[in-house]
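Residue numbers (our numbering), protein chains in the order written: chain C, 1 to 112; chain X, 113 to 226.
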Amino acid sequence: AQSVTQPDIHITVSEGASLELRCNYSYGATPYLFWYVQSPGQGLQLLLKYFSGDTLVQGIKGFEAEFKRSQSSFNLRKPSVHWSDAAEYFCAVGGRDDKIIFGKGTRLHILP
Amino acid sequence: DAGITQSPRHKVTETGTPVTLRCHQTENHRYMYWYRQDPGHGLRLIHYSYGVKDTDKGEVSDGYSVSRSKTEDFLLTLESATSSQTSVYFCAISARTRGGNEQFFGPGTRLTVL
Numbered sequence: 001a002q003s004v005t006q007p008d009i010h011i012t013v014s015e016g017a018s019l020e021l022r023c024n025y026s027y028g029a030t031p032y033l034f035w036y037v038q039s040p041g042q043g044l045q046l047l048l049k050y051f052s053g054d055t056l057v058q059g060i061k062g063f064e065a066e067f068k069r070s071q072s073s074f075n076l077r078k079p080s081v082h083w084s085d086a087a088e089y090f091c092a093v094g095g096r097d098d099k100i101i102f103g104k105g106t107r108l109h110i111l112p
Numbered sequence: 113d114a115g116i117t118q119s120p121r122h123k124v125t126e127t128g129t130p131v132t133l134r135c136h137q138t139e140n141h142r143y144m145y146w147y148r149q150d151p152g153h154g155l156r157l158i159h160y161s162y163g164v165k166d167t168d169k170g171e172v173s174d175g176y177s178v179s180r181s182k183t184e185d186f187l188l189t190l191e192s193a194t195s196s197q198t199s200v201y202f203c204a205i206s207a208r209t210r211g212g213n214e215q216f217f218g219p220g221t222r223l224t225v226l
């Protein structure tokens, strides 16, 4: 079955610290992988995506993610977080059928 | 911004009443989706459409119906709303970008069923 697991419901980091949000997926074919961000009361914004090729992908707002096929993972990273990064982050997996499956989200809290 | 609007943006209704949510897109995309978002569940697919009058069920379709009579509009109907359908509803379109397809989301509709 296709699924996405985000093992951390909440993560708290200090402003300026590095960040890694975990994502593991189960998908029967070569996956398309996505990270979305949602600020309170807002819609979802695409941070970055992986379709093929280079397994380290760069996104907006200084985020990057690395696709590791052997670990079925697509973890999101940022070297130094800002207070404005406080939001909920969703990992998602899809394929050529134009449907994607979302994880349950990780809420990021930033300490001043 | 993929030109997606949703209406209404907020709605409060009573149990047992019918409710229709509208999603409108301006860029002629073939695929459209309705999701609901609930705390602890992420986004779950309700129904989707792959063309005019072509729709299919998603993960949580019970209690919902959809219609797509024009490319630009995708309607979600709750025939008889229940309190368990209190949620935030997002519409999305799928667009072909370099390498694959990605989804873009509307601003959402917050529905409260009393």
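Virtual Cβ for every residue (Gly too), placed ideally from N, Cα, C.
Using the beta-carbon of each residue, which ones in chain C are nearer than 8 Å to residue i?
{"i": "X/F186", "result": "Chain C residues near X/F186: none, gap ~14 Å exceeds 8 Å."}
{"i": "X/P120", "result": "In chain order: nothing, as chain C lies at least about 15 Å away."}
{"i": "X/L223", "result": "The contacting residues do not exist; X/L223 stays about 15 Å from chain C at best."}
Anything in chain X within Cβ reach of residue i, meaning under 9 Å, just list it in chain order.
{"i": "C/K49", "result": "T209, G211, G212, E214"}
{"i": "C/F34", "result": "E214, Q215"}
{"i": "C/L46", "result": "E214, Q215, F216, F217"}
Give a yes or no on whether the minimum CB-CB distance between residue i and chain X is below 7 Å.
{"i": "C/D98", "result": "yes"}
{"i": "C/F90", "result": "yes"}
Candidates the options: which alpha carbon is nearest residue i's?
{"i": "X/R148", "options": "X/T117, X/Q197, X/N140", "result": "X/Q197"}
{"i": "C/I9", "options": "C/I100, C/A87, C/V93", "result": "C/A87"}
{"i": "X/Y176", "options": "X/T167, X/K182, X/E184", "result": "X/T167"}
{"i": "X/T183", "options": "X/Q137, X/V131, X/T117", "result": "X/Q137"}
{"i": "X/D150", "options": "X/Q215, X/F202, X/P219, X/F216", "result": "X/F202"}
{"i": "X/T129", "options": "X/A193, X/R222, X/H159", "result": "X/A193"}
{"i": "X/T187", "options": "X/G115, X/P219, X/M144", "result": "Just to set this straight, residue 187 of chain X is Leu in the shown sequence, not Thr. Checked all of X/G115, X/P219, X/M144; the closest Cα to X/L187 is X/M144."}
{"i": "C/G59", "options": "C/K68, C/Y36, C/F102", "result": "C/Y36"}
{"i": "C/N116", "options": "C/H82, C/V81, C/S84, C/F63", "result": "Given that chain C is displayed from residue 1 to residue 112, the structure contains no residue 116 of chain C and the question cannot be resolved."}
{"i": "X/T221", "options": "X/V131, X/E126, X/T127", "result": "X/V131"}
{"i": "C/L108", "options": "C/F67, C/L44, C/S14", "result": "C/S14"}
{"i": "X/L115", "options": "X/V225, X/G218, X/V172", "result": "Residue identity check: residue 115 of chain X is Gly in the sequence provided, not Leu. Per the Cα distances, X/G218."}
{"i": "C/A17", "options": "C/F102, C/H82, C/Y50", "result": "C/H82"}
{"i": "C/S52", "options": "C/L111, C/K68, C/D98, C/T12", "result": "C/K68"}
{"i": "C/K99", "options": "X/K123, X/P120, X/L157", "result": "X/L157"}
{"i": "X/L155", "options": "C/L56, C/P112, C/T12, C/T5", "result": "C/T5"}
{"i": "C/R77", "options": "C/E66, C/S70, C/Q71", "result": "C/E66"}
{"i": "X/Y162", "options": "X/R180, X/G152, X/E171, X/V172", "result": "X/R180"}
{"i": "X/L223", "options": "X/N213, X/L190, X/K169", "result": "X/L190"}
Name the chain X residues that come within less than 8 Å of residue i, Cβ to Cβ?
{"i": "C/G103", "result": "G154"}
{"i": "C/G43", "result": "F202, F217, G218, P219, G220"}
Counting only Cβ pairs nearer than 7 Å, list the residues of chain X close to residue i.
{"i": "C/S52", "result": "G211"}
Please name the residue or residues paired with residue i in a DSSP beta bridge.
{"i": "X/G211", "result": "None; X/G211 has no bridge partner."}
{"i": "C/N75", "result": "C/E66"}
{"i": "X/T127", "result": "Its beta-bridge partners do not exist; DSSP assigns none."}
{"i": "C/A117", "result": "Residue 117 of chain C lies beyond the stretch modelled for chain C, which goes from 1 to 112, so this question has no answer here."}
{"i": "X/K169", "result": "X/H159"}
{"i": "C/G28", "result": "Bridge partners of C/G28: none, in fact."}
{"i": "C/L48", "result": "C/W35"}
{"i": "X/S119", "result": "X/R134"}
{"i": "C/P107", "result": "Before going on, a small fix: residue 107 of chain C reads as Arg here, not Pro. BP columns for C/R107 point to C/H10, C/E88."}
{"i": "X/G154", "result": "X/D150"}
So, is the C-beta of residue i closer than 7 Å to a C-beta in chain C?
{"i": "X/Y176", "result": "no"}
{"i": "X/S199", "result": "no"}
Determine the chain A residues that contact residue i at a beta-carbon separation under 9 Å, and present them in chain order.
{"i": "X/S173", "result": "The structure shown has no chain A; the protein chains it does contain are C and X."}
Report the neighbours of residue i on chain C: residues whose CB is nearer than 7 Å to its CB, in chain order.
{"i": "X/S195", "result": "Near X/S195 there are no residues of chain C at all, since even the closest Cβ is about 22 Å away, more than 7 Å."}
{"i": "X/S206", "result": "D98"}
What do you reckon, is the C-beta of residue i under 6 Å from a heavy atom of the ligand ZN?
{"i": "X/H159", "result": "Inclusion of the ligand ZN in the displayed structure is not the case, the ligand content being empty and no account of it being possible."}
What residues of chain C sit near residue i, judged by a beta carbon separation below 9 Å?
{"i": "X/L157", "result": "K99, I100, I101, F102"}
- Taking contact to mean at least 3 C-beta pairs separated by less than 8 Å, is the region 192–210 of chain X in contact with the region 18–36 of chain C? no
- Between the region 87–98 of chain C and the region 13–30 of chain C, do at least 3 Cβ pairs fall closer than 8 Å? yes
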